[in-house]
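Report on the structure given below.
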Amino acid sequence: MTDHLDLRKEIIATCLRMNAAGLNNGSAGNLSVRVDGGLLITPSGIAYEDLTPEMIVEMDWDGRYYGSLIPTSEWRFHYEILKARPDIDVVLHSHALHCAILACCRLDIPPVHYMIGVSGGDVIKCSGYAPFGTPELSALALEALGPRSVCLLGNHGVIATGKTINKAFGVLEEVENLARIYIGTRMLGGGVILGKPEMDVVLERFKSYGKQPSEVDQSLKNKVEPPPYGGLRRQ
Numbered sequence: 001m002t003d004h005l006d007l008r009k010e011i012i013a014t015c016l017r018m019n020a021a022g023l024n025n026g027s028a029g030n031l032s033v034r035v036d037g038g039l040l041i042t043p044s045g046i047a048y049e050d051l052t053p054e055m056i057v058e059m060d061w062d063g064r065y066y067g068s069l070i071p072t073s074e075w076r077f078h079y080e081i082l083k084a085r086p087d088i089d090v091v092l093h094s095h096a097l098h099c100a101i102l103a104c105c106r107l108d109i110p111p112v113h114y115m116i117g118v119s120g121g122d123v124i125k126c127s128g129y130a131p132f133g134t135p136e137l138s139a140l141a142l143e144a145l146g147p148r149s150v151c152l153l154g155n156h157g158v159i160a161t162g163k164t165i166n167k168a169f170g171v172l173e174e175v176e177n178l179a180r181i182y183i184g185t186r187m188l189g190g191g192v193i194l195g196k197p198e199m200d201v202v203l204e205r206f207k208s209y210g211k212q213p214s215e216v217d218q219s220l221k222n223k224v225e226p227p228p229y230g231g232l233r234r235q
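In UniProt numbering, the protein residues as written are 1 to 235.
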């Protein structure tokens with residue numbers, strides 16, 4: 001199968017990158033990407049090192065899969081998130097260590113650091129527990145995710161999302177770092193939590209964070225300001 005060949009290769013490369021970066025172990029994580037008419041998703045029980053492009057499973061919006069391999073056991077929350085959130089094109093799930101530690105304690109990540117704004121909110125919620133691969137877990141994941149880009153799964157791991165694979169991967173990297181920071185602050189007796197006024201400014205600034213001027217709504221009050229423009233090149 002050659003449909004979306006480059007995207008299939010990118011899915012495999014990202015899974016390998018996730019493990020190499022210490023953001024997952026073995027084949028515990030999974031990845032899905034929206035395509036016309038449905039989604040592409042990693043298969044069940046195959047080591048990332050053994051994946052080939054034709055092994056990436058295609059699903060439609062009726063929940064059917066196509067090909068000789070079944071999708072990951074976590075297909076439900078991938079499918080449900082992409083179906084419910086048209087603003088999301090990629091769902092990335094892992095058992096990143098520090099996220100999993102907090103998930104096993106059923107702890108939300110509060111705004112102890114301003115970079116929590118990467119989540120699209122002022123808290124990263126942790127869901128309750130349900131067995132993997134079940135409709136119950138999918139419902140809990142949707143609830144914990146809400147309008148944000150990331151959530152923890154109780155006694156399980158983390159879900160990170162984005163418009164592109166690289167964006168979702170960046171969210172995963174950042175939330176794992178936030179989890180490590182939060183654990184560290186608890187070890188020192190607790191960090192200073194940013195209040196709503198501070199986080200309102202942070203979230204407004206995140207609307208322009210990491211964007212070029214042409215991509216930014218210039219009416220934003222708290223947008224990130226670049227230095228003065230000096231031309232295409234210095235004379």
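Even glycine gets a Cβ: it sits at the ideal position worked out from N, Cα and C.
Given the structure is predicted, the values throughout are model-derived calculations rather than measurements.
Query                                                                                                           : Result
Straight-line Cα distance separating Gly-67 from Val-112                                                        : 45 Å
Contact set for Met-1: own chain, Cβ-Cβ below 6 Å, skip 5 residues either direction                             : Because Met-1 sits at a pLDDT of 47, beneath the cut-off of 50, its placement in the model cannot be relied upon, and the following sentence gives the value as read from the coordinates. Hits under 6 Å: Glu-54.
Proximal residues to Gly-154 (C-beta, below 7 Å), its chain only, five neighbours per side dropped              : Ala-103, Arg-106, Cys-126, Ser-127, Gly-128 and Tyr-129
For Gly-133 and Glu-49, believed in contact at Cβ under 8 Å, the rounded distance                               : Between Gly-133 and Glu-49 the Cβ distance is about 23 Å, and since that is not below 8 Å, they are no contact.
Residues bridged to Pro-71 [DSSP beta-bridge criterion]                                                         : Pro-43
Ranges of the alpha helix (DSSP H) found wholly within the stretch 153 to 184, counting only runs of at least 4 : none
Segment contact, 8 Å Cβ cut-off, at least three pairs: the stretch 81 to 94 with the stretch 161 to 173         : yes
Residue of Leu-97, Phe-77 and Thr-42 minimising C-alpha distance to Leu-140                                     : Phe-77
Met-59 - containing beta strand (DSSP E), residue span                                                          : 57 to 60
Residue of Leu-137, Met-59, Gly-191 and Ile-159 minimising C-alpha distance to Ile-41                           : Met-59
Proximity to Ile-46 [Cα-Cα], best of Glu-215, Arg-34, Ile-70 and Val-33                                         : Ile-70
Simplified DSSP assignment, three categories, for Tyr-79                                                        : helix
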